[in-house]
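Participant:
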Amino acid sequence: MRRQLSAALIAIATLSEPAMAAERNYTIRGEGWFDTGNDRFGRLPMREARLTLRDNGEFAVTLFVRNERYLVRGRWDRNSRSDIERIDINDAFGQRASGNGSLAYRIRGGQPVRLELDGRTDDGTFHATIVDPAEGETNDRERDDRRNDLELGRGNRLTRAINTTVQGSGTLRLSGIRDGRLEEVRVRMETNRDVRLEFSQPTRGAVRAEIVEIRDNRITARVSEMYGHRASGQVVIVMRDRDMVDRINGAGGSEGGSWQLDFAGRSRRDGGWNDDRDGGWNGGRRDMNERGNGWLRQDIGPSMEFDRVRVLLEEDRDALIQLDSRRQSIVLRGRWSGKGDVVRVELTQVNEMRARGALEVRREGGRLRLVEGDGRTDKGRFEVRFSR
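Residue numbers (my numbering): 477 to 864.
1. For residue 789 and residue 838, I'd like the C-alpha separation in whole angstroms.
2. So what does residue 504 bridge to, in DSSP terms?
3. Could you tell me whether the segment 813–824 touches the segment 765–772, where touching means 3 or more Cβ pairs closer than 8 angstroms?
4. At which residues does the beta strand (DSSP E) containing residue 656 begin and terminate?
5. Taking DSSP as the reference, what is the three-state secondary structure of residue 865?
6. DSSP beta-bridge partners for residue 499?
7. Report the CB separation of residue 632 from residue 687 in whole angstroms; it is logged as a contact under 8 angstroms.
8. Please give the ranges of any alpha helix (DSSP H) in the segment 766–812, keeping only runs that are unbroken, at least 4 residues long and fully inside the region.
9. Does the separation of the CB atoms of residue 592 and residue 601 fall below 8 angstroms?
10. Between which two residues does the beta strand (DSSP E) carrying residue 938 extend?
11. Give the C-beta separation of residue 568 and residue 595 to the nearest angstrom, bearing in mind that I take them to be a contact with Cβ-Cβ under 8 angstroms.
12. Near residue 776, which residues of its chain fall below 8 angstroms by C-beta distance, leaving aside the five closest residues on each side in sequence?
13. Determine the DSSP secondary structure at residue 667, reduced to helix, strand or coil.
14. Can you tell me which of 859, 825 and 814 puts its alpha carbon nearest to the alpha carbon of residue 781?
15. Identify which residue in 723, 673 and 799 has its Cα closest to the Cα of residue 702.
16. Would you mind sorting residue 810 into buried or exposed? The rule is 16 or more other CB atoms within 10 Å of its CB.
17. Using the rule of at least 16 other Cβ atoms within 10 Å of the residue's Cβ for burial, across every protein chain shown, is residue 562 buried or exposed?
18. Enumerate in chain order the residues of its own chain whose CB-to-CB distance from residue 619 is below 7 angstroms, with the five nearest sequence positions on each side excluded.
19. Note down, in chain order, each residue of its chain lying with its Cβ closer than 7 angstroms to the Cβ of residue 721, except the 5 sequence neighbours on either side.
20. Could you spell out where the beta strand (DSSP E) holding residue 737 opens and where it closes?
21. The beta strand (DSSP E) spanning residue 842 covers which residue range?
22. What does residue 677 pair with, by DSSP beta-bridge criteria?
23. For residue 551, list the residues DSSP reports as bridge partners.
24. Please state the DSSP three-state secondary structure of residue 637.
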């Protein structure tokens, strides 16, 4: 990138006022760097990034690099179902640009923890990465004792290689793949940071990546290849123990278009939701799918009828309820509590909107029987009911 353009390209930038679109503003402070791909300037340290995500899909971030600011604009994926959102870049430093990136969130609290951007302008390529180094916030503190036993590694290197095959369920969304269902994955991670995810049933293919961060039981890797295509983006691999994968989530771009990966490993034990102890757990996570009849009604906007519901209850008390119809899906997130065959989910999010309210989930004979409740978002009140 030519130095004589710096005044125009790196001028102090302010985000435009939102026009008829609600927005969320975040700040990531931590360890990062900015690289223009120019050997003359090399890699520059970055300590702060200020982000704006609007409900209409617009994205903007100001990168604080030394005494200058870089403004990058684009679009963010409002339909992401994982804790990683995809970013498409269309403007950088006041120029037309192309590229993509990803924004990863903490498991609890919904705050961004890592931003990565790869882009290109007429003056060349650029890359930016920043990570919030705060300890203990990306995972549930109640599980620290168990996680301390993992000893996966430090920084971006494993203490020993991991080679394990996991049964589970998930989906891959990628152009050219008709049926993206995933049921089995072999996870190979080497001490030299290489990562290879080999999916064998029913959608066959491989993902190549490189480890960039290890924190507690979470391994973050930068993707370089997706099912035979050059790719970018990230995957986050959450380990249950040294040899058991709990889940894999990721998003990014490739030569074949954007991609999104969500996979949940099946617990080694097959038990009920809870044992007899308060807050106990028998069998780890619980992932249930059921067909039936359901509806979602809201004060503002059309009602939705759906015929399938998925209830995912994580061991760390995170909950996901997905309502599916032929035309659309709605994802509700929150925290669950309860014993026996009745679980209560305190809602925190509906799709990309913050929410409050509660749903009651009942099962009968090991199967989902009823999901019902109500809540409220910024757009008004809503009700949900599903029965088998």
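Idealized CB from N, CA, C, for every residue including glycine. Quantities reported herein were computed from a predicted structural model and do not represent experimental measurements.
Facilitator: Per the coordinate set shown:
1. 13 angstroms
2. 525
3. Short answer: they don't touch.
4. That residue, residue 656, is in no beta strand (DSSP E); it is neither H nor E in DSSP.
5. It is not possible to answer for residue 865, since the shown part of the chain is limited to 477 through 864.
6. 530
7. 5 angstroms
8. If one requires a minimum length of 4 residues, no alpha helix (DSSP H) run lies completely within the segment 766–812.
9. no
10. Because residue 938 is not part of the residues shown, which for the chain are 477 to 864, the question remains open.
11. 5 angstroms
12. 855 and 856
13. coil
14. 859
15. Of 723, 673 and 799, the residue nearest in Cα terms is 673.
16. buried
17. buried
18. Note that residue 619 scores 38 on pLDDT, short of 50, meaning its location in the model is unreliable and no value can be drawn from it.
19. 640, 642, 663, 713, 715 and 741
20. 733–741
21. Unbroken run through residue 842: none, as it is neither H nor E.
22. Residue 677 pairs with 660.
23. 534 and 564
24. coil
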